[in-house]
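Participant: Heads up: the sequence shown begins at 717 in our numbering, then just goes up one per residue.
I have a structure here, written as structure tokens, and I will follow up with some questions on it.
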Amino acid sequence: QVRLVESGGGLVQPGGSLRLSCAASGSIFFSAYAMTWYRQAPGKQRELVASITSSDSTTYADSVKGRFTISRENAKRTAYLQMNNLKPEDTAVYLCNAQSGVRRFWGQGTQVTVSS
717 QVRLVESGGG LVQPGGSLRL SCAASGSIFF SAYAMTWYRQ APGKQRELVA
767 SITSSDSTTY ADSVKGRFTI SRENAKRTAY LQMNNLKPED TAVYLCNAQS
817 GVRRFWGQGT QVTVSS
């Protein structure tokens with residue numbers, strides 16, 4: 717049984733920062749998995765925010781480039797999303813995904829609300 721647990725969400729003012737974590741547990745060879753953060757706002761489609769491969773190659777959505785940084789710590793089986801200069805349009809549920817080949821796992825998500 718593989719489990720992904722996101723944490724670090726919350727309410728923050730515009731311009732603020734948050735750091736999300738995605739901790740994996742169970743039968744998963746974490747370092748072999750690409751880790752991706754998605755987000756879903758009410759009434760909108762789920763969108764890819766940032767991804768990091770097993771070889772630490774990263775990609776970002778254009779809307780977060782220069783503001784968000786994805787990273788991973790394989791020894792802790794954890795992926796992170798550092799979010800700076802947050803904007804109201806970043807408000808969403810942020811979900812963590814782990815994928816290796818046909819194996820794919822999702823977390824339950826953590827709410828991020830950017831509001832003054």
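Ideal placement from N, C-alpha and C gives every residue a C-beta, glycine not left out.
Fair warning: this is a prediction, and the values are worked out from it, not measured in the lab.
Relative to the C-alpha of V828, which candidate in G732, L720, R719 has its C-alpha closest?
Facilitator: For V828, the nearest C-alpha among the options comes from G732.
Participant: Distance check for F784 and D772, CA to CA, integer angstroms please.
Facilitator: If you take the alpha carbons of D772 and F784, they lie about 15 angstroms apart.
Participant: So what's N801 in DSSP terms, helix, strand or just coil?
Facilitator: Here N801 sits in coil by DSSP.
Participant: With DSSP run on the structure shown, which of helix, strand or coil describes A748?
Facilitator: Helix, per DSSP.
Participant: Does the distance from the C-beta atom of Y754 to that of N790 stay below 9 angstroms?
Facilitator: Contact flag unset, no.
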